[in-house]
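Below is one structure, written out as structure tokens; the observations come after it.
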Amino acid sequence: MTDIWPDHLFLVGCGNMAGQMLRRWLACGLDPARATVLRPSGRAVAQGVAVVTDYPASLPAGTTVVLGMKPYQLGEVAALLAPLCRADVRIVSILAGTRLADLRAAFPAAAEIVRAMPNLPVGIGEGVIALHAEAALSVASRTAVEAFIAPLGLAEWIADEGRFNEVTALSGCGPAFLFRFVDALARAGEAIGLPADQAARMALATVRGSASMAAMASESPAALADRVASPGGMTRQGLNVLDADDRLLKLLTDTLVAARDRGEAMARGE
Ligand SMILES: NC(=O)c1ccc[n+]([C@@H]2O[C@H](COP(=O)([O-])OP(=O)(O)OC[C@H]3O[C@@H](n4cnc5c(N)ncnc54)[C@H](OP(=O)(O)O)[C@@H]3O)[C@@H](O)[C@H]2O)c1
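So the mapping is simple: the numbering used here equals the position in the sequence shown, first residue as 1, plus 91.
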């Protein structure tokens, strides 16, 4: 099998998100000796992965740097990291709302810079990762990035960087919206008389089983919904409530718009 791993991986920050990504990469065969984590706390991350609290004098040739600290820390990190990022270093940034142009200004000598917007299920290899890169990214580099990201889940290139807030609203915030849906399904079950704990177990298993089924099906989720709803039956009667005046569609559109708008406001510093 082709080696999908960078010659060396240098993670700047390894908290909730970068930590999930690293965990998955290690589970999929990344040699821990090829990874170094920089984090101020110096806390260990995994067996065999070096953790440092200061920047090394240099980075090994062919290093991929993952920027996994908070976006507002870009300036202080770049002041120390940029001199190490030469023409053989690739940067993958997961900093929400930080544009490619700002990353390029911060790391002028780096070979390539890729923006990635992961969501939390990357830790179990079932995440969604939106990717955006400078137009100059070669086909070979694009392929290498895709291979490196593939263990995390579905990778989707975003042609227009201006769409990152929309992408984040859907897949970045999506896990929380689905958690709410599962909880509401359970509480609705309780409201019509089921024991709370049983409704909770059934709601979660129903969502998990249905999502897996939809992922394997050749038909769209919309078609699947109609196929399981016979005219005059119980499912159809329930769907009629969700579908009336596009009730569910409007609710979710309002939800994504609110999340998207908040992303835009934060980018303006509000
Ligand atoms: N959480 C999400 O769902 C999500 C989704 C997409 C993108 N992101 C992006 O992921 C990034 C990290 O978010 P998070 O939720 O993982 O945050 P987090 O859990 O707070 O992790 C932040 C990490 O940055 C490290 N750090 C703090 N100060 C630093 C410094 N001066 N230099 C280098 N590293 C420093 C911390 O080190 P210690 O561990 O030593 O404290 C920690 O490992 C953000 O840019 C965010 O926009 C997050």
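All C-beta atoms in this analysis are idealised placements derived from N, C-alpha and C, irrespective of residue type, glycine included.
Residue nearest to residue i in terms of C-alpha spacing, selected from the options
i: A246; options: L228, S229, A260 and H223; result: H223
i: T155; options: Y146, T326, P266 and W96; result: W96
i: L191; options: L228, A178, A170 and R177; result: L228
i: F221; options: T234, D193, S262 and A197; result: Residue 221 is actually Ala in this sequence, not Phe. It is S262 whose Cα lies nearest to the Cα of A221.
i: G214; options: D334, T344, R338 and N107; result: N107
i: G218; options: A197, E225, D336 and T259; result: T259
i: A118; options: A241, D193, K161 and F255; result: A241
i: Q138; options: E361, P131, P286 and A124; result: A124
i: G244; options: G153, D94 and W116; result: W116
i: P131; options: D145, L121 and A294; result: D145
i: Y163; options: R278, G323, L330 and A197; result: A197
i: F239; options: D336, V157 and V168; result: V157
i: S232; options: G153, G329, D336 and A320; result: G153
i: V140; options: S149, D122, L165 and G159; result: D122
i: P147; options: L171, G133, S311 and W248; result: L171
i: G120; options: G216, G159 and S149; result: G216
i: C264; options: G133, E310, A349 and M307; result: A349
For residue i, the first and last residue of its enclosing alpha helix (DSSP H)
i: E247; result: Taken as a continuous stretch (DSSP letters only), E247 belongs to no alpha helix (DSSP H), being part of the beta strand (DSSP E) at G244 to W248.
i: S184; result: Careful: S184 lies outside any alpha helix (DSSP H), inside the beta strand (DSSP E) at R181 to S184.
i: L117; result: N107 to A118
i: T189; result: First-last for T189: undefined, no H or E at that position.
i: V230; result: V230 to I240
i: T127; result: It is not in any alpha helix (DSSP H) - T127 instead sits in the beta strand (DSSP E) that spans A126 to L129.
i: A267; result: G265 to A282
i: A306; result: A287 to M307
i: A349; result: R338 to A358
i: V168; result: L165 to L172
i: A313; result: P312 to R318
i: E361; result: Careful: E361 lies outside any alpha helix (DSSP H) and carries neither H nor E.
Sequence-distant residues of the same chain with beta carbon closer than 6 angstroms to residue i, five excluded per side
i: L211; result: P266
i: A201; result: C176, V180 and I182
i: D317; result: none
Close-in-space but distant-in-sequence residues of the same chain around residue i (CB under 8 angstroms, 5 per side omitted)
i: E257; result: L347 and R351
i: M92; result: With a pLDDT of 49 at M92, under the threshold of 50, the modelled position of that residue is not reliable, and the figure given next carries that caveat. Once the five neighbours on either side are set aside, M92 has no close Cβ partner at all.
i: L333; result: L339
i: A268; result: Looking at the sequence provided, one finds Phe at residue 268 rather than Ala. Within the same chain, F268 has close Cβ partners L343 and T346.
i: K161; result: G104 and L186
i: P151; result: D98 and H99
i: S149; result: L175
i: E252; result: R190, L191, R206 and H223
Contacting residues, own chain, Cβ-Cβ under 7 angstroms from residue i (five flanking each side not counted)
i: A358; result: G188
i: E237; result: A246
i: V136; result: C105, G110, L113, V128 and V142
i: A178; result: A200 and A202
Span of the beta strand (DSSP E), counted from its first residue to its last, around residue i
i: V219; result: G218 to A224
i: M208; result: E203 to P209
i: T155; result: T154 to L158
i: F101; result: H99 to V103
i: V332; result: Premise fails: V332 lies in the alpha helix (DSSP H), M325 to D334, not in any beta strand (DSSP E).
i: T143; result: It is Val, not Thr, that sits at residue 143 in the sequence shown. First-last of the beta strand (DSSP E) with V143: A141 to V143.
* **Segment contact flag, the stretch 298-311 with the stretch 269-277, C-beta cutoff 8 angstroms, min 3 pairs** => yes
* Residues whose Cβ lies closer than 6 angstroms to any heavy atom of ligand 1, in chain order -> V103, G104, C105, G106, N107, M108, A109, L129, R130, P131, S132, R134, G159, M160, K161, P162, Q164, E167, V168, I185, L186, A187, M208, P209, L211 and G263
* Asked: Taking three-plus beta-carbon pairs below 8 angstroms as touching, is the stretch 173-187 in contact with the stretch 197-212?
  -> Counting Cβ pairs under 8 angstroms, three or more are found: they touch.
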